[in-house]
Amino acid sequence: MRPVADPSPTPKPSALRGAHLSGNLPDGKWVQFPLGARMTLGRHPENNIRLTDREVSKEHAAIERNGAAFVLRDLGSSNGTFVNGRRIRELKLREGDELVIGNCRLVFHAGDGERASSPRVTVVASAQSIPAFLAQIDQAEESEFRPADQLNDIAALRQDYEKLRIAHELQRQVGLERKPSNLLSKVIQVAFELLPADNGVVFLVNEQTGEFVPHAVKHRLGESTEVILSETVLQRVRDTRQAVLTADAIVDSRFASSESIVAQGIRSAMAVPLLTKGVVKGILFLDTRERTHAFSEKDLKILSGIALQAAIALENAELASQIESEALTRAELSRFLSPAVAEMVVRGQVELLRAGRLAEVSVLFADIRGFTTLAESEEPQETVSMLNEFFTAMAQVIFRNEGNLDKFIGDCVMAVWGSPSSHPDDPARALRAALEMQAEVDALNQQRAAGGRKPIAIGVGVSTGQAVVGYMGSSERHEYTAIGDSVNTASRLCNLAKAGEVLASEAAIQKAGRGFQAEALPIAQVRGKERGVVIYKVTGLAAADQAAADQAS
123 MRPVADPSPT PKPSALRGAH LSGNLPDGKW VQFPLGARMT LGRHPENNIR LTDREVSKEH
183 AAIERNGAAF VLRDLGSSNG TFVNGRRIRE LKLREGDELV IGNCRLVFHA GDGERASSPR
243 VTVVASAQSI PAFLAQIDQA EESEFRPADQ LNDIAALRQD YEKLRIAHEL QRQVGLERKP
303 SNLLSKVIQV AFELLPADNG VVFLVNEQTG EFVPHAVKHR LGESTEVILS ETVLQRVRDT
363 RQAVLTADAI VDSRFASSES IVAQGIRSAM AVPLLTKGVV KGILFLDTRE RTHAFSEKDL
423 KILSGIALQA AIALENAELA SQIESEALTR AELSRFLSPA VAEMVVRGQV ELLRAGRLAE
483 VSVLFADIRG FTTLAESEEP QETVSMLNEF FTAMAQVIFR NEGNLDKFIG DCVMAVWGSP
543 SSHPDDPARA LRAALEMQAE VDALNQQRAA GGRKPIAIGV GVSTGQAVVG YMGSSERHEY
603 TAIGDSVNTA SRLCNLAKAG EVLASEAAIQ KAGRGFQAEA LPIAQVRGKE RGVVIYKVTG
663 LAAADQAAAD QAS
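To convert, count from 1 in the sequence shown and add 122; that's my numbering.
Shown next as structure tokens:
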């Protein structure tokens with residue numbers, strides 16, 4: 123698709139009337155993309171919206187119309203699709219959502235079709251700032267309950283009771299709601315039950331742009347009319363972090379500059395911040411046109427209490443979402459990294475560098491002997507079942523010794539110790555894992571024999587040395603792995619190992635220490651090496667270590 127482009131790098135108001143994307147490309151060009159029933163976004167020329175950016179996958183994402191709404195789906199891209207700063211797999215788009223794909227930033231516009239059938243909110247910039255408000259409340263002061271010995275009058279007791287009543291009402295309606303849109307809608311519902319409001323809006327601050335974005339709107343009479351309010355009101359709340367009240371704006375000279383409020387005939391309005399750790403994450407706004415001075419300072423305190431509870435609920439929802447996202451990330455990483463290392467990666471304690479680095483690693487290869495013959499004599503389902511049992515057992519051994527599962531190669535397993543997280547005894551961990559793998563295969567064979575199936579046997583090779591580690595592959599698919607002479611040597615030793623044998627390089631034996639029983643084999647010539655290689659056959663743990671291992675088991 124050819125976008126409606128403008129060479130200027132400065133964003134401009136959207137000119138298209140229907141649903142569309144607008145924003146800036148990496149070269150600074152401002153563009154608009156009209157949206158159809160289904161649009162694909164990616165680097166390949168066959169996409170409806172082509173984004174010529176190295177960080178964008180060939181088929182990166184798709185936007186599909188679902189009734190009056192549009193749904194954004196990530197198509198398994200390498201670098202992810204982000205909306206309002208969060209990585210998504212599938213999301214229903216809302217007016218003003220910011221999409222980040224590679225280095226392209228695009229804003230979704232619903233168009234006239236959807237806007238006409240949904241409540242609208244317009245924030246109008248005022249020519250001047252508002253000098254003063256009728257009442258202001260510091261949210262921090264209102265967030266605490268006073269000790270019992272400080273309650274000297276009935277008014278203070280009533281005030282704390284009101285806080286409890288608001289907290290109870292919100293908890294009753296919000297409960298364990300974790301979806302932000304539903305949570306915010308319920309917050310407005312509670313506000314309408316406790317206060318005589320005509321219109322309500324919850325704004326959240328877009329962390330990327332700093333703009334106020336409406337996320338929930340409610341009208342007492344169910345009308346879908348447009349809610350217009352002055353930006354000066356929102357800006358005052360953000361700047362002071364205080365709840366504010368204004369009354370009878372239509373005759374109040376202090377609002378002469380706020381033509382948006384005067385034009386709507388709003389008689390009374392309140393705006394309170396949603397504070398999280400002292401930061402304004404959003405604003406809860408109510409107005410009424412029924413009568414002059416409809417809201418009082420007591421109402422402002424009630425709305426302030428609602429906002430305090432809403433901010434806590436919103437923070438809990440975000441935390442729950444973050445925990446869920448981390449759990450998915452942790453589960454994905456745990457398929458390849460040891461649980462301990464996966465946890466470090468999730469917490470940002472280990473940096474997986476795409477550029478790569480040189481590190482000392484211990485590499486292990488374990489391969490099933492005679493697999494082709496075995497597979498030919500069994501049904502395909504039996505072969506798959508056998509491989510799954512074998513890979514599961516091998517992965518458990520690797521993770522138990524805090525290694526990282528690099529990959530499965532046919533009927534072979536590759537594991538690495540030393541990167542992204544290292545231990546002083548990584549060579550010893552790799553050799554212990556090799557011996558444990560042979561023991562696990564023996565246990566598997568007992569089960570296979572009981573089921574009338576043929577036994578399997580593996581050869582294992584272990585090598586220690588320098589390797590280049592990092593993300594490697596194409597822009598569409600890459601993995602964290604290791605390459606180098608030590609990797610090749612481990613693979614060659616695995617090929618030389620007979621069924622039930624563990625062969626190790628001289629460096630692996632020397633750096634693993636004295637905890638293993640090993641015997642030197644004749645110098646062997648391996649493919650890719652000009653000089654012969656000193657090889658050791660590892661037959662078990664040293665007596666003391668074996669006794670400790672038996673006691674631990």
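No residue lacks a Cβ here, since even glycine has one placed at the ideal position from N, Cα and C.
- In the DSSP assignment, K529 falls within the beta strand (DSSP E) that extends over N526 to I531.
- With contacts defined by Cβ atoms closer than 9 Å, L194 and T203 form a contacting pair.
- The residue among N188, K180, R187 and A190 with its C-alpha nearest the C-alpha of S199 is K180.
- Looking only at A488, V401 and L625, the smallest Cα-Cα distance to M516 is reached by A488.
- Collapsing the DSSP output to three states places S585 in a strand.
- Every unbroken stretch of the alpha helix (DSSP H) spanning 4 or more residues and falling wholly within the region 471-520 is given here in chain order: 493-498.
- Residue state for S200 is assigned as coil, using DSSP reduced to three classes.
- Around the CB of N169, 16 or more other CB atoms lie within 10 Å, so the residue is classed as buried.
- Nearest Cα to S596 within the set E498, V178 and S144: V178.
- Rounded to the nearest whole angstrom, the CA to CA distance from K659 to F521 is 23 Å.
- Annotated three-state conformation of I445 is helix, per DSSP.
- Listed in chain order, the beta strand (DSSP E) runs fully inside the region 384-440 are 390-398 and 401-410, counting runs of at least 3 residues.
- Distance from V584 to V624 at the Cβ level is roughly 7 Å; contact confirmed, criterion being Cβ atoms closer than 8 Å.
- Per DSSP, Q154 is one residue of the beta strand (DSSP E) stretching across W152 to P156.
- R160: member of the beta strand (DSSP E) spanning R160 to G164, first to last residue.
- When the beta-carbon positions are compared, V535 and L496 stay at least 9 Å from each other.
- When the five nearest sequence neighbours on each side are left out, the beta carbons in the same chain lying within less than 8 Å of the beta carbon of I645 are those of G654, V655, V656 and I657, in order along the chain.
- Residue environment analysis places P167 among the exposed positions, since fewer than 16 neighbouring C-beta atoms fall within 10 angstroms of its C-beta.
- The beta carbon of V402 lies closer than 8 Å to those of V327, V359, R360, R363, P395 and L396 in the same chain, with the five residues before and after it left out.
- Assigned with DSSP and collapsed to three states, V609 falls in helix.
- Note on I490: 16 or more other CB atoms within 10 angstroms of its CB, so buried under the neighbour-count rule.
- CA-CA distance, A365 to F417, rounds to 13 Å.
- Setting aside the 5 residues that flank it on each side, K340 is surrounded in the same chain by I310 and G322, each with a C-beta closer than 6 Å to its C-beta; the list follows chain order.
- Classified as exposed, S447 has fewer than 16 neighbouring CB atoms from the shown chains inside 10 Å of its CB.
- Here the region 551-560 makes contact with the region 625-644; the two share three or more CB pairs at distances below 8 Å.
- Nearest Cα to T603 within the set E315, W539 and D196: W539.
- With 16 or more neighbouring CB atoms inside 10 Å of its own CB, K423 falls in the buried class.
- Restricting attention to G158, I605, A572 and K308, the CA atom closest to the CA of A481 is found in I605.
- When secondary structure is reduced to three states using DSSP, L147 falls in the coil class, being assigned neither helix nor strand.
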